[in-house]
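The structure appears right after this line, and notes come after that.
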Amino acid sequence: MIRRALTITREAGSAVSRSEVVPIEVATAELGESVCWAWIDVEIDPASRSPIDTVNMLSMADKLGLDHIAINDALDDTDQPKIDDFGKHLLIVLHGLRDDVVGTYEVDMFLTSDRLVSVRRGPSAALDAVWQQLNDRPELSAGGADELAAYIADALTRRLMAVLDAFDNEVEGLTEAALNAAPTLLEDLTAVRRDLTAVRRVVHPQREALDMMRSTPSRLVSDAGRRRFSDVFDVAARAAEGLDEARTALAETLDAYRGAEARKATDVSKVLTIYAAIMLPLSLVAGIFGMNFTNLPWLNRSWGWMAAAALMVLIALVSFGVFISLGWVRRPSGRRTGQTLGRGLIEASRAPVHLMGAVFEMSAMPLRATSERFGRVIGEDGQDDFPPDN
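Numbering (this note's numbering), first residue to last: 144 to 533.
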């Protein structure tokens with residue numbers, strides 16, 4: 144467990160505060176007259192937590208008058224953002240964005256009249272930034288511990304909006320992939336949706352918690368602190384609205400992908416339908432001249448087969464021209480037509496295989512059911528019920 148403490152001292156006759164890093168024992172002891180308030184930051188390593196950490200935290204809670212149940216919750220449980228009023232102190236639970244993966248971590252803040260205790264599991268870039276600013280610019284600590292809690296809430300909430308910035312950078316690529324019906328789009332959409340859901344799950348409760356803080360009747364929060372929490376609430380509201388809009392954009396992208404897939408399937412069906420419509424009269428001509436009659440025209444002529452072939456080519460060209468004039472098909476490039484026709488022929492060639500597989504499965508169902516019934520009978524009796532062969 145890593146602990147650090149910082150005291151805020153206001154100089155006599157001056158409105159500028161001075162921040163000073165002190166030992167944890169000094170921050171938990173009785174504060175001097177010149178010390179306005181203190182911030183105690185506790186970082187717990189989730190991988191190597193020991194019972195000593197709990198003992199130390201409970202000892203600190205006894206010195207500062209903190210609730211033991213709230214301390215145990217901060218050490219053991221993962222809570223949604225919330226505000227609990229214990230009278231002498233407030234428990235403010237907020238979440239921030241992790242640095243390694245898209246997810247959130249919990250920060251528990253115990254606010255008293257002259258101290259702020261923050262408890263977190265693992266490092267926090269937001270708290271480190273606030274800590275560094277207080278050391279570099281002591282004038283930022285001119286307010287009280289409640290305003291520092293508002294600063295920390297602002298840093299945590301603004302980092303959550305980084306997910307929206309990343310989504311805005313990816314949405315154009317996702318839309319283009321959806322319009323082209325890219326095969327990997329569903330995997331990309333699932334990953335983005337999972338990331339947005341992980342953040343959205345905590346943004347809405349965090350907005351409600353900040354709404355409670357900006358209007359709390361507790362004496363531990365000053366009017367300046369409420370105004371600062373009101374500004375943070377606006378940030379959380381924008382983050383919540385942005386996540387809702389991102390969710391809607393994902394749904395629209397998925398609809399566009401489905402439309403593109405349907406359009407591709409329609410193009411394949413159209414090509415196959417036109418192909419069948421052109422081949423149908425040609426099959427009729429070939430069937431007529433293939434009948435076993437001796438009085439068919441041009442049957443005994445040496446040029447008869449050429450006349451029949453020319454008639455079939457003429458019918459095919461006229462049919463294709465009629466389809467183009469009606470607007471059912473446009474004059475496509477040969478490569479695109481070949482690709483579309485090739486996909487359609489491949490799907491059509493797979494249909495008999497699927498059909499035969501289904502017929503085989505249906506035909507084998509009675510045999511499997513009978514085998515299973517005989518197996519159960521043999522298993523129950525330990526022997527079969529059929530008489531032996533003589």
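For every residue, glycine included, the Cβ atom is placed at its ideal position computed from N, Cα and C.
1) Just checking my contact of L149 with L234 at CB under 8 Å: how many whole Å lie between their CB atoms?
2) Using CA atoms only, rank isn't needed, just tell me which of L442, D289, T300 is closest to R370.
3) With a threshold of 8 Å, are at least 3 pairs of Cβ atoms found where one atom belongs to the segment 445-455 and the other to the segment 405-420?
4) Secondary structure at E315, three-state DSSP: helix, strand or coil?
5) Could you tell me the alpha carbon to alpha carbon distance between L307 and V335, rounded to whole angstroms?
6) Taking the continuous beta strand (DSSP E) assigned at M252, which residues delimit it?
7) Do the CB positions of A305 and A272 come within less than 7 Å of each other?
8) Can you tell me the Cα-Cα spacing of A405 and L322, whole angstroms?
9) The beta strand (DSSP E) that contains V236, what's its start and end?
10) Distance check for T221 and I212, CA to CA, integer angstroms please.
11) Check whether the Cβ atoms of I187 and A170 sit closer than 7 Å, and answer yes or no.
12) For the segment 411-463, list the alpha helix (DSSP H) runs that are entirely contained and at least 4 residues long, ordered along the chain.
13) Where does A285 sit, in a helix, a strand or coil, going by DSSP?
14) Looking at the unbroken beta strand (DSSP E) that takes in E186, where does it start and where does it end?
15) Report the rounded CA-to-CA distance for M252 versus L317, giving the unit in angstroms.
16) Please look up how many angstroms separate the CB atoms of V342 and L386, rounded, as I've assumed it's under 8 Å.
17) Are the Cβ atoms of R363 and L254 separated by less than 7 Å?
18) Drop a sphere of 10 angstroms on the beta-carbon of I521, count the other beta-carbons inside from all chains shown, and report buried for 16 or more, exposed for fewer.
19) When the Cα of D377 is compared with those of M355, A392, L397, which residue comes out closest?
20) List the residues that DSSP assigns as beta-bridge partners of V164.
Well, looking at it:
1) About 21 Å separates the beta carbon of L149 from that of L234, a gap too long to meet the 8 Å contact definition.
2) Of the listed residues, the one whose Cα sits closest to R370 is D289.
3) no
4) helix
5) 11 Å
6) Run containing M252: 247-254, per the beta strand (DSSP E) assignment.
7) Their beta carbons are not under 7 Å apart, which means A305 does not touch A272 by this criterion.
8) 11 Å
9) 233-240
10) Cα-Cα distance, rounded: 14 Å.
11) no
12) none
13) coil
14) 178-187
15) 39 Å
16) 7 Å
17) With the sequence shown as reference, residue 363 is identified as Leu, and Arg is not the correct amino acid for it. Closer than 7 Å, so yes.
18) At I521 the pLDDT is 47, less than 50, meaning the model places this residue with poor confidence; the figure from the coordinates comes in the next sentence. Label assigned to I521: exposed.
19) The shortest C-alpha separation from D377 is found at M355.
20) Paired residues: L149.
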